[in-house]
Amino acid sequence: MMRNVDDSVVNQQWISLQEAGITIDRNALTVALINKMREALTLFETEGLAPFIDRWASLDNFINRPVKLVIGEREIHGVARGLTAGVDYYWNRKVKSPAGLGERFPCVRFRLNRGGRG
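Under the working numbering, the first residue of the sequence shown carries the number 449, and numbering increases by one thereafter.
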């Protein structure tokens with residue numbers, strides 16, 4: 449049964465796994481997620497970010513693509529440089545923008561720029 453979803457809460461496409469014929473035991477899923485998170489946190493505590501960088505880069509949909517950052521009323525167009533290009537202590541994204549190389553911006557809203565402008 450498809451539930452009505454509040455568009456102000458979920459603002460992107462989604463799918464009901466139940467409607468797709470996929471049955472998931474929520475308790476088993478929760479246990480699996482918690483166990484994986486514990487493994488990842490332990491690895492992060494002992495080795496830092498290094499073990500995660502290659503996987504992050506392989507899954508980074510924004511890297512080297514034109515993006516638009518929306519910070520309040522301000523819009524900044526640039527090219528996402530990804531995690532390996534550097535982030536600061538607060539995980540601000542590094543973006544090559546017309547104003548300069550490698551500016552860091554907080555990621556309140558960060559999306560691909562469909563207009564292709566970088």
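All residues carry an ideal CB built from backbone N, CA and C; glycine is no exception.
Terminal residues of the alpha helix (DSSP H) in which residue i lies
i      : result
Leu507 : Ala498 to Leu507
Closest Cα partner of residue i within the set the options
i      : options                           : result
Ala528 : Asp473, Ala505, Glu521 and Asp455 : Ala505
Arg513 : Gly526, Glu493 and Ile470         : Gly526
Residue j beta carbon less than 7 Å from that of residue i
i      : j      : result
Ile524 : Leu517 : yes
Alpha carbon of residue i to alpha carbon of residue j, nearest angstrom
i      : j      : result
Gly566 : Val515 : Any reading at Gly566 needs caution, since the residue's pLDDT is 48, under 50, leaving its predicted position unreliable; the model's value is listed next. Roughly 7 Å between the two C-alpha positions.
Pro499 : Glu493 : 11 Å
Gln460 : Arg503 : 24 Å
Glu521 : Asp473 : 43 Å
Ile470 : Ala476 : 14 Å
Leu489 : Leu497 : 10 Å
Val457 : Glu495 : 36 Å
Tyr537 : Leu507 : Note that Tyr537 has pLDDT 48, beneath the 50 cutoff, so the model's placement of it is unreliable and no number is given.
Asp455 : Ile463 : 14 Å
Lys484 : Ile501 : 17 Å
N-terminal and C-terminal residue of the beta strand (DSSP E) that residue i is part of
i      : result
Leu491 : Taken as a continuous stretch (DSSP letters only), Leu491 belongs to no beta strand (DSSP E), being part of the alpha helix (DSSP H) at Arg474 to Glu495.
Glu523 : Arg522 to Ala528
Leu517 : Pro514 to Ile519
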